[in-house]
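Asks:
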Amino acid sequence: MKEVLYPIGIQTFEKLRDGGFVYVDKTEYIQKIVSGSGYYFLSRPRRFGKSLLLSTIEAFFKGKRRLFNGLAIEKYNHDWLEYPVIHIDLNSKNYVDEKSLVDIIEFNLEHYEHLYGINNSGMPVDDRFMSLIRSANASTGRKVVVLIDEYDKPLLQTIDDIELQDKYCGILKSFYGVLKSADQFLRFVFLTGVTRFGKVSVFSDLNNLRDISMDNEFDAVCGITEDELHKTFNQGIGKLAAARRISVDEAFSSLKVNYDGYHFSDNLTDVYNPFSVLSALASSNISNYWFSTGTPTFLIKLLQSNDYDLSKLNGDIEYDPMMLTGSVVTPRDAVPMMYQSGYLTIKRMDPLFATAFLGYPNREVEDCFLKWLLPSYGCMSGEQSTSFINNFVRNAMSGNVDGFMGSLQSLFAKIPFHKSDPALLELHYRNMMYLVSSLVGLTVHTEYQTSNGRIDLVMETAEYVYVMEFKLERPAHVAMEQIDDKQYALPFKADGRQVVKIAASFSNKTRTIENWVVE
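In our numbering, the protein residues as written are 29 to 547.
Structure follows, in structure tokens:
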């Protein structure tokens, strides 16, 4: 049987097709795109196939019919004419100063200026762009196709540097503004990115720009659907199953739990992370491939600075879906940024209020994101975080309450917290408890609902059920009285495990667990 070649990191359609790599046929979507409105924008997380999508569109407009043999678009009647294509990629550079942005734009323009025999060096980049479009149109007698990949990369890289970002916005506003002025010379325009920045005026100036980011018709234009997974990757999944010594059905389930769950419209069409799926099949192993290619440092800072309740990230965030990709001046709200970056997705829709509930898309994202959050919130290294979790689990599984409560006490004691608002301090403790309880690998319920009230935390092991209640600046015995008065332990009495009641008191002065009582 011929070995399957997986196009990991390959972003050029021609290279993919000529190299014999497996391809998930997305040309039915491309048919709709090239036959419709002339101006498009698509937002998707990194490594979701945006660059390959643009490369495929470029191949179509360059008339490279042979590359589309056997694909869905072949059945449609096209003239397969070659149009002049200007493909600008802003994804391949670190933007550290004003000159670096101008340099990468000029680098992109110079390639096409050489192609059309013009030399506009020394001109402002917006004037060079307009001149290039006019020259391409005049030289070929055909209207121009403009493709811009990761249009917002310079702005995302300077999210913590407002002064530099403002300079970039000025440059990009003028540069992208050319697309409006050059409309009579343009056949097709497609921009990709992660978010929408109002200050670059692309979305206000180009009033004919169609944003398909949350369009039901294009929700699976990037990524892999359930049907595509079964249709295209059966051989690789069989190999994965054999390598892991599991059944094929179990291999499918493992891929689904770890990499599926993205929803890009209210249709809730399941979309798998393509980079992780391809990597897993190529190596016949399940691992955290997508997360390891980029760290969400900025998002973590954003959550911390906004005093965000982390427990809501687990599917309890209610949000207007129109605001998830809406035009923003600067992306300071953590929720849209986490959605657009791929760390949150739509879990369900409320049809009555037309709102979306957001949460982690899959196990890879949830586990890895939480593991990144704990060192940041707990002021520890990754190694210390792993050691802490392991010791906590050992003590919890063996019934050593003083052991794991002592670990929590030490953890809280070394975390600096300078805000005086008691509500924020309580949220700070709750966030830390959520992180620890979510990462320990045990069955954990926060705000566990009973007929008499809500238990702060329930943690289950094979032999123990820990019913835990916490109070801020109130004695631990008050928390124990609440456990007893509201009979919080009653729902767990009949399952055969030992039920342990833990009441703890947090101190405003020491900023940690002051004491606890156990029954």
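Don't be surprised by glycine CBs; every beta carbon is placed ideally from N, CA and C.
(1) Between which residues of its own chain and Asp46 is the CB-CB distance below 7 angstroms, once the five residues before and five after are set aside?
(2) Since I believe Gly221 is in contact with Ser71 (beta carbons under 8 angstroms), could you give me their beta-carbon distance rounded to a whole number of angstroms?
(3) Where does Pro73 land, buried or exposed, given buried means 16+ other C-beta within 10 angstroms?
(4) Going by DSSP, which residues form a beta bridge with Tyr516?
(5) Would you check if the distance between the CB atom of Ile1 and the CB atom of Ser163 is smaller than 8 angstroms?
(6) The beta strand (DSSP E) spanning Phe534 covers which residue range?
(7) Apply the 10 Å Cβ neighbour rule to Gly37 and answer buried if 16 or more other Cβ atoms are within range, or exposed otherwise.
(8) Taking the CB atoms as reference points, tell me whether Leu386 and Leu401 lie closer together than 8 angstroms.
(9) Using a Cβ-Cβ cutoff of less than 7 angstroms, which residues in the same chain neighbour Arg156 once the five nearest sequence positions on both sides are dropped?
(10) Determine the DSSP secondary structure at Trp544, reduced to helix, strand or coil.
(11) Between which two residues does the beta strand (DSSP E) carrying Lys499 extend?
(12) Just the C-alpha distance for Arg238 and Phe231, rounded to the nearest angstrom, thanks.
(13) Please go through the same chain and pick out, in chain order, the residues whose beta-carbon is closer than 6 angstroms to the beta-carbon of Gly568, but skip the five residues on each side of it.
(14) Taking the continuous beta strand (DSSP E) assigned at His115, which residues delimit it?
(15) Alpha carbon to alpha carbon, what distance is there between Gly66 and Met151?
(16) Would Val2 pass as a contact of Val113 if the rule is Cβ separation under 8 angstroms?
(17) Would you report the Cα separation of Leu283 and Ser293, rounded to the nearest angstrom?
(18) Take the Cβ of Leu184 as the centre, count every other Cβ of all protein chains shown within 10 Å, and call the residue buried at 16 or more, exposed below.
(19) Considering only the alpha carbon of each residue, which of Thr260, Tyr457 and Met425 lies closest to Tyr549?
(20) State the Cα-Cα distance for the pair Pro403 and Pro444, rounded to the nearest angstrom.
(21) Kindly list the residues whose CB is nearer than 6 angstroms to the CB of Met377, restricted to its own chain and excluding five residues on each side of it in sequence; keep chain order.
(22) Which two residues bound the contiguous beta strand (DSSP E) that contains Thr538?
(23) Going by C-alpha distance, which of Leu327, Arg422, Ile61 and Ile161 is nearest Lys208?
(24) Between which two residues does the alpha helix (DSSP H) holding Val363 run?
(25) Terminal residues of the continuous beta strand (DSSP E) containing Phe385?
(26) In the DSSP assignment, the alpha helix (DSSP H) including Thr471 goes from what residue to what residue?
Replies: So, from the data block:
(1) Taking Asp46 as the centre and dropping the five residues before and after it, the same chain places no C-beta closer than 7 angstroms to its C-beta.
(2) Their Cβ separation, rounded to whole angstroms, is 6 angstroms, which keeps Ser71 and Gly221 in contact under 8 angstroms.
(3) Buried.
(4) Beta-bridge partners of Tyr516 (DSSP): none assigned.
(5) Only positions 29 to 547 of the chain appear in this structure, which leaves residue 1 out of reach.
(6) Here the beta strand (DSSP E) through Phe534 covers Gln526 to Ser535.
(7) The residue in question, Gly37, is exposed, as its Cβ has fewer than 16 Cβ neighbours within 10 Å.
(8) At the C-beta level, Leu386 and Leu401 stay beyond 8 angstroms of one another.
(9) The answer, listed in chain order, is Leu137 and Asn148.
(10) Looking at Trp544 - three-state DSSP - the assignment turns out to be strand.
(11) Lys499 -> beta strand (DSSP E) spans Tyr492 to Leu500.
(12) Whole-angstrom Cα-Cα distance: 9 angstroms.
(13) Absent from the structure is residue 568, since the part of the chain shown begins at 29 and ends at 547.
(14) For His115, the enclosing beta strand (DSSP E) covers residues Val113 to Asp117.
(15) Their backbone Cα atoms lie some 28 angstroms apart in a straight line.
(16) Residue 2 cannot be examined here, being either before or after the span of the chain that is shown, 29 to 547.
(17) Roughly 22 angstroms between the two C-alpha positions.
(18) Buried.
(19) Residue coverage of the chain in this structure runs from 29 to 547, which leaves residue 549 outside it and unanswerable.
(20) Between Pro403 and Pro444, the C-alpha separation is close to 13 angstroms.
(21) Here the set comprises Asp294 and Ala384.
(22) Element bounds for Thr538: n/a, residue is neither H nor E.
(23) Distances from the alpha-carbon of Lys208 to those of Leu327, Arg422, Ile61 and Ile161 put Ile161 closest.
(24) Where Val363 is concerned, the enclosing alpha helix (DSSP H) stretches over Ala362 to Ser369.
(25) Counting along the chain, Phe385 sits inside the beta strand (DSSP E) bounded by residues Thr383 to Gly387.
(26) Here Thr471 belongs to no alpha helix (DSSP H); instead the beta strand (DSSP E) covers Thr471 to Thr478.
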